[in-house]
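Enquirer: Sharing a structure, written as structure tokens. Questions coming.
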Amino acid sequence: MKNIVLAYKKVFSGALKFTKKSVRLPVKLKCKLKYIKTYIKASMFDGLYASSQDTYYQTRFINSKQWDFLIILDACRYDFFEKHVWKFMDGKLLRVLSPGGYTIKWFERTWYGNYKDVVYISSVPFIRRNRKFRTKFLEIVDAWDKGWDRRLHT
């Protein structure tokens, strides 16, 4: 696996450096290339660190609908969140493993049914853009639309 990662870094990084030096790319294309690079990296490591019996615990919990309000923070470290959450809210905090290494894979593996009684508040633009994702929920609210940072792409 280490050899694959090193080969990837060498080839992809070299191609990007060459492209950056030789061609002036539009900002949108630069953003897309950065997204593709991140997507490839995430795909390589997807599922390496979780055991299969624990991985789907989060999916089972979400689909059991034994909750009234469920807040899932994408890419939030549990230890950091646990330390600070109690200043802002109370309730039950449950530590689980994600079924995906990046947002789209997590979404596909977690929300596999129809959830016509769920309002999904999304922090990323590609959830609403995907037709098969759009039809799963009562409504998708684009929270990212209220405060998207073009410089940080988040």
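With the sequence shown counted from 1, adding 390 to any position gets you the working numbering. Glycine residues also receive a C-beta, built at the ideal position from the N, C-alpha and C atoms.
For the alpha helix (DSSP H) holding S513, just list the boundary residues, first then last.
Expert: Translated into the one-based positions of the sequence shown, residue 513 becomes position 123. It is not in any alpha helix (DSSP H) - S513 carries neither H nor E in the DSSP assignment.
Enquirer: Run the CB neighbour count on D444, radius 10 Å, all protein chains shown included, and call it buried at 16 or more, exposed below.
Expert: Within the sequence shown, the letter at position 54 stands for residue 444. With a pLDDT of 42 at D444, under the threshold of 50, the predicted position of this residue should be treated as unreliable, and no value is reported.
Enquirer: Considering F459, what are the terminal residues of the alpha helix (DSSP H) in which it resides?
Expert: Counting from one through the sequence shown, the residue named residue 459 turns up at place 69. Looking at the DSSP string, F459 is not in any alpha helix (DSSP H), and its letter there is neither H nor E.
Enquirer: Leaving out the 5 sequence neighbours to the left and right, which residues in its chain are closer than 7 Å to P416 when beta-carbon positions are compared?
Expert: Here residue 416 is taken as the residue at index 26 of the sequence shown, counted from 1. Hits under 7 Å: none found.
Enquirer: So what's Y502 in DSSP terms, helix, strand or just coil?
Expert: By 1-based counting over the sequence shown, the position of residue 502 is 112. Here Y502 sits in coil by DSSP.
Enquirer: How many Å lie between N453 and R521 at the Cα?
Expert: Taking the sequence shown and counting its residues from 1, one reaches residue 453 at position 63. Taking the sequence shown and counting its residues from 1, one reaches residue 521 at position 131. Going from the Cα of N453 to the Cα of R521 covers about 21 Å.
Enquirer: By the three-class DSSP mapping on this structure, what secondary structure does F523 have?
Expert: What you label residue 523 is simply residue 133 of the sequence shown in a count that begins at 1. Looking at F523 - three-state DSSP - the assignment turns out to be helix.
Enquirer: Take A533 as the anchor and find which of K422, F523, T525 and P515 has the nearest alpha-carbon.
Expert: Locating residue 533 in the sequence shown gives position 143, where the first residue counts as 1. Looking at the Cα atoms, P515 is the closest of the given residues.
Enquirer: Under three-state DSSP, which class holds D469?
Expert: Mapped onto the sequence shown, residue 469 falls at position 79. Here D469 sits in helix by DSSP.
Enquirer: Could you pull out every residue in the same chain whose Cβ sits closer than 6 Å to the Cβ of R485, ignoring the five residues on either side in sequence?
Expert: Here residue 485 refers to the residue found at position 95 when the sequence shown is read from its first residue. Cβ neighbours of R485 beyond the five flanking positions: Y468.
Enquirer: Can you look up V486 in the DSSP assignment and give me helix, strand or coil?
Expert: Locating residue 486 in the sequence shown gives position 96, where the first residue counts as 1. Coil, per DSSP.
Enquirer: Report the rounded CA-to-CA distance for I530 versus K418, giving the unit in angstroms.
Expert: For the purposes of this step, residue 530 is taken as residue 140 along the sequence shown, with counting starting at 1. For the purposes of this step, residue 418 is taken as residue 28 along the sequence shown, with counting starting at 1. Approximately 25 Å, taken between the alpha carbons.
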